[in-house]
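In our numbering, the protein residues as written are 638 to 882.
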């Protein structure tokens, strides 16, 4: 290993690392159209070794959505470049707003307010929306947050905010703490996930069900999204973590 590379590793390991990934299991919250995961023991130590079988949708636990998840004839998970999965990280904190209004939807003005305090968002970055929704994990009812009529009230990104970030700020990818990109209010209004389609239409990916965003600074950290490489996959659980400056 070259001296420069060794020094880079030593530098990274001297910094604080934050795990952004939920531990998930059969009883974890998940998108309502999916069945619970199944974890089965195939062989025990009595057989000579311990081995399990795991059955779950690709979009389960903290996970990555490649473009093909919503957009035809685009890239599968295996086609994402390794360097795309490691990006400078920016965290927009709207946890107080989401607590006061569970239907909070990020707007362009919210982004401009963030930039007024922290400077313009740089191109090529990963933007995470902090709502502290992850603190509801692993309580399914709290995560779904349904009213008496069965409607979810969950915060999320507004379409115009996403368009601004990708088109005007040239960001690379996004992430959030909820099941979906769009707020539940926007989904009810539009009848579809316009924001999620727009993001994946940019030939990029997103990370859903992130956690521990409250431990990160607004700017300066780097996110790593480490994921297996299943064949022609539309998504998969991911191990996301951040290294702080």
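Note that beta-carbon positions come from the ideal geometry of N, C-alpha and C, so glycine has one too.
(request) Report the option in 840, 848, 666, 772 whose CA atom is closest to the CA atom of residue 812. (result) For residue 812, the nearest C-alpha among the options comes from 848.
(request) For residue 825, I'd like the list of residues in its chain whose CB is within less than 7 Å of its CB, leaving aside the five on either flank, ordered along the chain. (result) Excluding sequence neighbours, residue 825 sits near 788.
(message) The alpha helix (DSSP H) that contains residue 836, what's its start and end?
(response) Counting along the chain, the unbroken alpha helix (DSSP H) around residue 836 starts and ends at 831–838.
(message) Does the contact criterion of 3 or more C-beta pairs under 8 Å hold for the segment 677–696 versus the segment 848–863?
(response) Taking one beta carbon from each stretch, the segment 677–696 and the segment 848–863 have fewer than 3 pairs nearer than 8 Å; the two do not touch.
(request) Please look up how many angstroms separate the CB atoms of residue 746 and residue 803, rounded, as I've assumed it's under 8 Å. (result) Incorrect: roughly 17 Å between the Cβ atoms, too far for contact.
(request) List the endpoints of the continuous alpha helix (DSSP H) containing residue 750. (result) Here the alpha helix (DSSP H) through residue 750 covers 745–755.
(request) Out of 663, 642, 640, point me to the one whose CA is closest to residue 777's CA. (result) It is 663.
(request) Identify which residue in 878, 742, 729, 862 has its Cα closest to the Cα of residue 945. (result) No answer is possible for residue 945: the residues shown for the chain start at 638 and end at 882.
(message) Assuming residue 862 is part of the beta strand (DSSP E), what are its boundary residues?
(response) For residue 862, the enclosing beta strand (DSSP E) stretches over residues 858–863.
(request) Could you check what DSSP says for residue 774 in three-state terms: helix, strand or coil? (result) Reduced to three states, the DSSP call for residue 774 is coil.
(message) Run through the DSSP bridge pairs and tell me what residue 822 is partnered with.
(response) In the DSSP output, where bridge partners are listed per residue, residue 822 has none listed.
(request) Give the single residue among 702, 733, 670, 757 whose Cα lies nearest to the Cα of residue 722. (result) Minimum Cα distance to residue 722 is reached at 702.
(request) If I'm right that residue 763 touches residue 724 with Cβ under 8 Å, what's the distance once you round it to whole angstroms? (result) Residue 763 to residue 724, Cβ: 4 Å. Contact.
(request) Could you check if residue 863 is buried or exposed, using at least 16 other CB atoms within 10 Å of its CB as the buried criterion? (result) Result: exposed.
(request) With DSSP as the reference, label residue 789 as helix, strand or coil. (result) The answer is strand: DSSP assigns residue 789 an E or B state.
(message) Give me, in chain order, the residues of the same chain whose beta-carbon lies closer than 7 Å to that of residue 790; leave out the 5 immediate sequence neighbours on both sides.
(response) Taking residue 790 as the centre and dropping the five residues before and after it, the same chain places the C-beta of 739, 740, 782, 784, 821 closer than 7 Å to its C-beta, in chain order.
(message) So the candidates are 769, 645, 644, 642; which of them puts its Cα closest to the Cα of residue 657?
(response) Nearest Cα to residue 657 within the set 769, 645, 644, 642: 769.
(message) If you measure between the beta carbons of residue 774 and residue 874, is that distance less than 8 Å?
(response) Annotated as distal: residue 774 and residue 874, with beta-carbon spacing of 8 Å or more.
(message) Quick test of your reading: residue 706 and residue 837, contact by CB under 8 Å. State the CB separation rounded to the nearest angstrom.
(response) The C-beta distance from residue 706 to residue 837 rounds to 6 Å, short enough to fall under 8 Å.
(message) List, from N- to C-terminal side, the alpha helix (DSSP H) runs of 4 residues or more that fit wholly inside the segment 670–737.
(response) Taking only runs of at least 4 residues, the alpha helix (DSSP H) segments lying wholly in the segment 670–737 are 732–737.
(request) Look up residue 884 in the DSSP assignment and say whether it is helix, strand or coil. (result) In the structure displayed, the chain extends from 638 to 882; residue 884 sits before or after that span and is not available.
(message) So, for residue 731: in the same chain, excluding its five sequence neighbours on each side, which residues have a beta-carbon less than 8 Å away from its beta-carbon?
(response) Listed in chain order, the non-local C-beta contacts of residue 731 below 8 Å within the same chain comprise 741, 743, 747, 766, 767, 768, 792, local neighbours out to five positions each way being set aside.
(message) Once DSSP output is grouped into helix, strand and coil, what is the label at residue 817?
(response) Coil.
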